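In full-length UniProt numbering, the protein residues as written are 1 to 149.
Don't be surprised by glycine CBs; every beta carbon is placed ideally from N, CA and C.
Keep in mind that this is a model prediction, so the values were computed, not measured.
Below: the structure, in structure tokens.
What follows is the structure, given as structure tokens:
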């Protein structure tokens with residue numbers, strides 16, 4: 001083992017977990033993605049308020065009844081409601097409907113990715129007990145076959 005390698009192992013051992021550079025980098029990346037995803041869902045929630053507002057009245061954010069309904073929605077039902085209402089209130093031609101459906105598929109892919117990302121079992125900043133070398137960050141996501149618990 002080189003002297004530089006031994007110094008790195010010592011530094012990792014004396015550095016708090018949350019301050020390890022690879023841990024900080026991964027936490028920032030995950031946090032950045034989650035923030036942007038959250039903004040997407042928030043935008044859809046705001047649009048649902050607009051879709052359901054009376055045409056002759058301004059959009060009222062904070063409508064208790066609508067907030068109660070939307071508060072129980074996770075990302076998939078929120079995006080389903082958004083795209084369903086968008087299709088309902090817009091007069092889309094065939095090309096526009098294809099675009100909306102493509103966007104819906106893209107959002108569904110992001111919802112699935114976000115679920116995999118956040119519901120995985122993460123191993124970050126681990127070291128091999130015998131060598132003291134860092135172990136690559138990994139995530140384990142076990143999925144069941146559809147309709148099987």
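Legend entry - Pairwise C-alpha distance: residue 117 and residue 142: Position 142 of the chain shown holds residue 142. Position 117 of the chain shown holds residue 117. If I take the Cα positions, the gap works out to 12 angstroms.
Legend entry - Cβ shell of residue 136 (< 7 angstroms), same chain only, five flanking positions each side left out: Counting from one through the chain shown, the residue named residue 136 turns up at place 136. For residue 136, where only same-chain residues beyond five positions count, there are no Cβ hits under 7 angstroms.
Legend entry - Close-in-space but distant-in-sequence residues of the same chain around residue 80 (CB under 8 angstroms, 5 per side omitted): Walking along the chain shown from the start, residue 80 turns up at place 80. If we look at residue 80 and ignore the five residues flanking it on each side, it has no Cβ neighbours.
Inset, instruction - Keeping to the same chain, check which residues put their C-beta closer than 7 angstroms to that of residue 48; ignore five residues upstream and five downstream. - result: As a first step, residue 48 is located in the chain shown; it is residue number 48 there, counting from the start. Excluding sequence neighbours, residue 48 sits near 70, 81, 82, 85.
Inset, instruction - Over the uninterrupted alpha helix (DSSP H) stretch that includes residue 38, give me the two end residues. - result: To locate residue 38, count along the chain shown from 1; it is residue 38. Per DSSP, residue 38 belongs to the alpha helix (DSSP H) from 21-52.
Legend entry - Local conformation of residue 127 per DSSP, three classes: Translated into positions along the chain shown, residue 127 becomes position 127. Reduced to three states, the DSSP call for residue 127 is strand.
Legend entry - Presumed contact (8 angstroms Cβ cut-off) between residue 45 and residue 78, rounded CB distance: Taking the first residue of the chain shown as position 1, residue 45 is located at position 45. Taking the first residue of the chain shown as position 1, residue 78 is located at position 78. The Cβ separation is near 6 angstroms, so the contact holds.
Inset, instruction - Compare the beta carbon distance of residue 23 and residue 145 with 8 angstroms and say whether it is the shorter of the two. - result: Translated into the one-based positions of the chain shown, residue 23 becomes position 23. Translated into the one-based positions of the chain shown, residue 145 becomes position 145. Contact: no.
Inset, instruction - Put residue 140 into one of helix, strand or coil per three-state DSSP. - result: Position 140 of the chain shown, counting from 1, holds the residue named residue 140. In the structure shown, residue 140 sits in a strand (DSSP, three-state: E or B).
Legend entry - Reference residue 126; option with closest CA among 139, 63, 35: The residue labelled residue 126 in the question sits at position 126 within the chain shown. Nearest option by C-alpha distance: 139.
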